[in-house]
Each structure stands twice: as structure tokens, then as C-alpha cells.
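Data block below; observations after.
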Amino acid sequence: QVQVVESGGGLVQAGGSLRLSCAASGIIFRFNSMAWYRQAPGKQRELVAVFTSGGTTNYADSVKGRFTISGDNAKNTVFLQMNSLKPEDTAVYYCNAYRLGFYNAWGQGTQVTVSS
Numbered sequence: 257q258v259q260v261v262e263s264g265g266g267l268v269q270a271g272g273s274l275r276l277s278c279a280a281s282g283i284i285f286r287f288n289s290m291a292w293y294r295q296a297p298g299k300q301r302e303l304v305a306v307f308t309s310g311g312t313t314n315y316a317d318s319v320k321g322r323f324t325i326s327g328d329n330a331k332n333t334v335f336l337q338m339n340s341l342k343p344e345d346t347a348v349y350y351c352n353a354y355r356l357g358f359y360n361a362w363g364q365g366t367q368v369t370v371s372s
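What follows is the structure in C-alpha cells.
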């Protein structure tokens, strides 16, 4: 059974930083894509960043240059370093582990609140 657990959210002032962590179990990390999504109140869930099984990364335009996604294969963990945070980054952040034909697992989410 695949499980994904996020941690590291919280309250931070605009311009500050946070680091989110996502620990996955029941997967072979190098075969997955691991991604961070976010959902703000009244808005659809959107892709923030993805770390593909091939080792490449992609980002939403709104976070490019501020957020960095990285992975630790040995620990089955992916991180999202968020710098220069803005109030519009406020959302619940979700981690996703995906492997085509096998699973599409979501965590419970972690709240990130950026005050102005």
C-alpha cells in the first residue's frame, strides 16, 4: 500500500521561507514522479512542482525562481524549499506520488499561510 505524508507547513511572513517534506512508503522512488500541488480556498488544485522519475524538475510559472523541489532516493522523500513567499502562496499543499498503471497517491495536505 502506498502512503504519502507531508510535513513542514506553517505560518510565515511575506518574504520568508518554509521547507516542506513528503515521505512516501510502499514505492520504489526512482520509478515515480513526485509532485507538490496546492489548493487555495475557492480555487482549483494546481500543480506547483514535479520531480520526475527521470530526475528532471518542472515548476509552475508562479513559483519559478522561488521554489525548489528535490528528492532523496534513499529515504523515499521529496522536499519543497519555498523562498520569497508571498501571500498568494497561501494554500494547502499536497504531495503526490504517481506511477503510471500502478498508483496515484495523495497525502493529507499541510497548510501554508503567508501573512502580508
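Under our numbering, read the sequence shown as residues 257 to 372, first letter to last. C-beta atoms are modelled at their ideal positions from N, C-alpha and C, and glycine is treated no differently. What you are looking at is a predicted structure, and each value in this text was computed from that prediction instead of being measured.
Asked, Found
"Inter-residue spacing [alpha-carbon to alpha-carbon] between residue 358 and residue 269", "40 angstroms"
"Residue burial classification, residue 265 (beta-carbon count within 10 angstroms, cutoff 16)", "buried"
"heavy atom of the ligand MN below 7 angstroms from residue 361 C-beta", "As presented, the structure is devoid of all ligands, the ligand MN included, so that no description of it is given."
"From 336, 340, 364, 335, residue whose alpha carbon lies closest to that of residue 348", "364"
"Residues near residue 272 by beta carbon distance below 7 angstroms, same chain, minus five either side", "341"
"N-terminal and C-terminal residue of the beta strand (DSSP E) that residue 314 is part of", "313-315"
"In chain order, each alpha helix (DSSP H) run of at least 4 residues that lies wholly inside the region 298-361", "none"
"C-beta contact flag for residue 274 and residue 291 at 8 angstroms", "no"
"Burial state of residue 283, where buried means 16 or more other Cβ atoms lie within 10 Å", "buried"
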